[in-house]
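This report concerns only the one structure given below.
Number of protein chains: 2
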Amino acid sequence: MEKKGNLLTVREDVRVLDATIRDGGLVNNFQFTDEFVRKLYETNIAAGVDYMEFGYKADRDIFDESKFGKWKFAKDEDIWAIIGEKDPRMKLSVMADVGRCNFRRDIRPRSESPVDMIRIATYINTMPGAIEMIEYAKEMGYEATCNIMAVSKLQEGDMRQGLEMLAHSNVDAVYIVDSYGSLYPEQIARLTAFYQEILSPAEKSLGIHTHNNQQMAFANTIESLSLGCSYLDATYCGMGRGAGNCAMELLIGFLKNPKYNLNPVLKFIEKYMLELKKNGVVWGYDIPYMLTGQLNHHPSAAIDCIAAGKTAYLEFYQDLLEGEL
Amino acid sequence: MEKKGNLLTVREDVRVLDATIRDGGLVNNFQFTDEFVRKLYETNIAAGVDYMEFGYKADRDIFDESKFGKWKFAKDEDIWAIIGEKDPRMKLSVMADVGRCNFRRDIRPRSESPVDMIRIATYINTMPGAIEMIEYAKEMGYEATCNIMAVSKLQEGDMRQGLEMLAHSNVDAVYIVDSYGSLYPEQIARLTAFYQEILSPAEKSLGIHTHNNQQMAFANTIESLSLGCSYLDATYCGMGRGAGNCAMELLIGFLKNPKYNLNPVLKFIEKYMLELKKNGVVWGYDIPYMLTGQLNHHPSAAIDCIAAGKTAYLEFYQDLLEGEL
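Okay, structure coming up:
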């Protein structure tokens, strides 16, 4: 496959998206302090990050608001309270899951909102629902992306149908999502080519969201980038469900565009991320996550194993193979 | 570049080498219990590992034997005491540094030794010394490899000269060594091609030894593998200096040859590697290592930073940039 640029190229199409509050929120139930979120926002602007994701637009009729931090619901007024007013240097996004969001009620016109981009997360079988949300978001004036989850489990024919629907929609970008952290760079390269084949003629951009079960989150991100992917998800210290995500500090340290600046990233990590860890919030590469990644399984069994403090890795592996978990 | 095989190919040329005692020994001053080493030996055989490295052949006239565990000196009699007798299923290696080994005194004929392979580690400027050791090891009946350290700092012209000397020697394999954990897969691919161009006509094999400063140890290992590299270094839980190495459990879980077996690897980790960690032995990815990796520096400043418990990452980074460390 053709590389797009080389290791020293400044690629103007690149968009770094900080998903710390959203994917990291899955680790601590979205219980971030306002100070944390505000400092993260300031840090992202100083670091040249292109988008900051403020959380999910979860439906409060489905999820009990008293049981989660506010960023599971990412209301416009809560975002305004953090940012004060819009800063033109960075755009904001929220994620909305198909079937778990009352988007017609909770997503108001962009002109009234601090949010610039709605990221619609879907499994392949709910693609018609995703298209409906994409078109609604576009009508409301937003940028819209689609994150097709768990592609490592998809048949190629189903993936093609889904991507063709997206090619015919008004979506701006489509993400490759390695939900289970099971993919190797060779497979990421193949998927990038496959997505491009269908989406590039329709002038859709590509994005990538990775997990670190096999210590491949950063490697897979830059593999896809090198082949033309533009939207790159990262989180501070890789904070995210299970094994976590591509680390922001690795990505910002790698990108060659001088707009990106590692200094504020380091400053934020030493003060705020270390504090989170000290307070017992746990994520990152560990053997049970590696095993679910290698087997292309959802990480839930590994999350339970680690939460229970179990270190009987061989038994855990055999249980996974038995399909008992 | 042409891939050699695909993700499902069994590559008969692959040789997995466990360097836990040797590179891991740099973390705990080679203070492994005999039980640990014996169980590791049994585990490697059960896991299908091809070579186990028992440590360094350091010169006891240079290093005080009372200050290190015995595997810094990896004497034949100490290895015999662990293994009893030779097991034909796995070969053994030791590493010898040019200029820090009295090889004519300490490396006896292979027929009297449990060791099968001598790995000669050299910087480019001591290549004549390395060649001398290679030829000595070959005369003594051993397999011999050459690990050219710190290639990320080399000029291409110097690298070419060194590789041409090796092409004309009796060496069996030459390792690409990413000493500083600074290289990305694209660069590893370039180096693999460069090494092959000079070494393949002389029928020398290629090896790879990586560090995890940028969470690239495993990714770089399989990148080089996919292009034809055969000798793959790994350590249990990635144990090794600073950010550590390619993790054995990731590599064994990835390789498709059914001779490799993950079960004993997991069993060893849950009992012995977790115990090491519990006893306070520390290695693995951390921000200071990432920074020396990104800057292509030796990790020594990062090792000092972490040993001192310092978490002022921004200051550390600025000091590195100033060249004060």
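Residue numbers (the working numbering), protein chains in the order written: chain C, -7 to 317; chain E, -7 to 317.
Where a beta carbon is used, it is the ideal one built from N, C-alpha and C, also for glycine.
Note that the structure is predicted; figures quoted are calculated from it, not measured.
So, using beta-carbon positions, are residue i and residue j closer together than 7 Å?
i: C:I54; j: C:R14; result: no
i: C:A50; j: C:F28; result: no
i: C:A136; j: C:D164; result: yes
i: C:K251; j: C:G17; result: no
i: C:V19; j: C:V273; result: yes
i: E:M141; j: E:A113; result: yes
i: C:N204; j: C:A181; result: no
i: C:L287; j: C:L254; result: no
i: C:S222; j: C:D5; result: yes
i: E:S85; j: E:E45; result: yes
i: E:M132; j: E:P101; result: yes
i: E:Y134; j: E:M157; result: no
i: E:D70; j: E:K62; result: yes
i: C:A239; j: C:G232; result: no
i: C:G285; j: C:Q179; result: no
Please list the partners that residue i has in chain C, where partner means a Cβ-to-Cβ separation under 8 Å.
i: E:S218; result: E178
i: E:I200; result: Ordered by position in chain C, no residue passes the 8 Å Cβ test against E:I200, which lies about 15 Å from the chain.
i: E:I168; result: Neighbours of E:I168 on chain C: none; closest Cβ ~17 Å, over 8 Å.
Which residues in chain E sit within 9 Å of residue i, going by Cβ to Cβ distance?
i: C:N255; result: L306, Y309 and Q310
i: C:F210; result: Q206, Q207, M208 and A211
i: C:Q147; result: The premise fails here: C:Q147 is roughly 18 Å from chain E at the closest Cβ pair, so nothing lies under 9 Å.
i: C:I74; result: Under the 9 Å cutoff, chain E gives no residues; its nearest Cβ is about 23 Å from C:I74.
i: C:I123; result: The contacting residues do not exist; C:I123 stays about 33 Å from chain E at best.
Give the single residue among the options whose Cα lies nearest to the Cα of residue i.
i: E:Y277; options: E:Y264, E:P106, E:A11 and E:I298; result: E:I298
i: E:R81; options: E:D56, E:K145, E:R7 and E:L283; result: E:R7
i: C:S174; options: E:M(-7), E:E(-6), E:K(-5) and E:L(-1); result: E:L(-1)
i: C:T12; options: C:E189, C:K31, C:G(-3) and C:M282; result: C:K31
i: E:Y172; options: E:L146, E:E189, E:A194 and E:S192; result: E:L146
i: C:L155; options: C:N162, C:E178, C:L191 and C:L183; result: C:L191
i: C:L247; options: C:V2, C:G(-3) and C:K(-5); result: C:V2
i: C:S144; options: C:H160, C:N162, C:P120 and C:T184; result: C:T184
i: C:K(-4); options: C:S216, C:S105 and C:Q23; result: C:S216
i: C:L219; options: C:E241, C:P177, C:M240 and C:P193; result: C:P177
i: E:E262; options: C:F308, C:N94 and C:G61; result: C:F308
i: E:P120; options: E:M109, E:S197, E:V90 and E:W63; result: E:V90
i: C:Q38; options: C:S58, C:K259 and C:M109; result: Here residue 38 of chain C is Ala; the residue named in the question, Gln, does not match the sequence. C:A38 has its Cα closest to that of C:K259, out of C:S58, C:K259 and C:M109.
i: C:G76; options: C:R96, C:P101 and C:S105; result: C:S105
i: E:A153; options: E:G315, E:D42, E:T118 and E:D70; result: Here residue 153 of chain E is Gln; the residue named in the question, Ala, does not match the sequence. Comparing Cα-Cα distances from E:Q153 to each of E:G315, E:D42, E:T118 and E:D70, the minimum goes to E:T118.
i: E:S103; options: E:L243, E:K78 and E:T25; result: E:K78
i: E:P256; options: E:K269, E:E241 and E:F24; result: E:E241
i: E:N21; options: E:K59, E:Q188 and E:R111; result: E:K59
i: E:C138; options: E:K196, E:G245 and E:G301; result: E:K196
i: C:G301; options: C:P291, C:Q310 and C:P280; result: C:P280
i: E:Y43; options: E:T227, E:D170, E:Q310 and E:Y187; result: E:T227
i: E:M(-7); options: E:F186, E:R97 and E:D296; result: E:F186
Assuming residue i and residue j are in contact, meaning their beta carbons sit under 8 Å apart, how far apart are those beta carbons, in whole angstroms?
i: E:N237; j: E:D225; result: 6 Å
i: E:I168; j: E:I116; result: 13 Å between Cβ atoms; not a contact.
i: E:L306; j: E:A294; result: Their Cβ separation, rounded to whole angstroms, is 14 Å, which puts E:L306 and E:A294 out of contact at 8 Å.
i: C:Y48; j: C:A88; result: 7 Å
i: E:E127; j: E:N162; result: 6 Å
i: C:L266; j: E:T303; result: 6 Å
i: C:A159; j: C:A209; result: So it is not a contact: roughly 27 Å between Cβ atoms.
Please compile the residues from chain E whose C-beta is within a distance smaller than 8 Å of the C-beta of residue i.
i: C:T303; result: E262 and L266
i: C:K259; result: Y305 and L306
i: C:E215; result: P177
i: C:L(-1); result: Y176, E178 and Q179
i: C:I126; result: In chain order: nothing, as chain E lies at least about 33 Å away.
i: C:I190; result: Here the premise fails: no neighbours, minimum Cβ distance about 23 Å.
By DSSP's criteria, residue i is part of a beta bridge. Which residues make up the other side?
i: E:M87; result: E:Y48 and E:R111
i: E:A165; result: E:T137 and E:S197
i: E:T227; result: E:A239
i: C:Y43; result: C:L9 and C:K83
Starting from residue i, find everything on chain D with Cβ-Cβ shorter than 7 Å and list it in chain order.
i: C:L183; result: Judged by its chain identifiers, the structure shown contains no chain D, and its protein chains are C and E.
By the criterion of Cβ-Cβ separation under 7 Å, what are the contact partners of residue i in chain C?
i: E:L242; result: Q206, Q207 and M282
i: E:Q286; result: G245
i: E:I37; result: Going along chain C, no residue has its Cβ under 7 Å from E:I37, so there is no contact; the nearest lies around 17 Å.
i: E:I71; result: By Cβ distance, chain C contributes nothing, its closest Cβ being about 28 Å from E:I71, past 7 Å.
Can you pull the chain C residues whose beta carbon is under 9 Å from the beta carbon of residue i, in chain order?
i: E:I298; result: Within chain C, no residue comes near E:I298; the closest Cβ sits about 13 Å away, beyond 9 Å.
Could you list which residues in chain E have their beta carbon closer than 7 Å to that of residue i, in chain order?
i: C:I326; result: Residue 326 of chain C is absent from the model: chain C starts at -7 and stops at 317.
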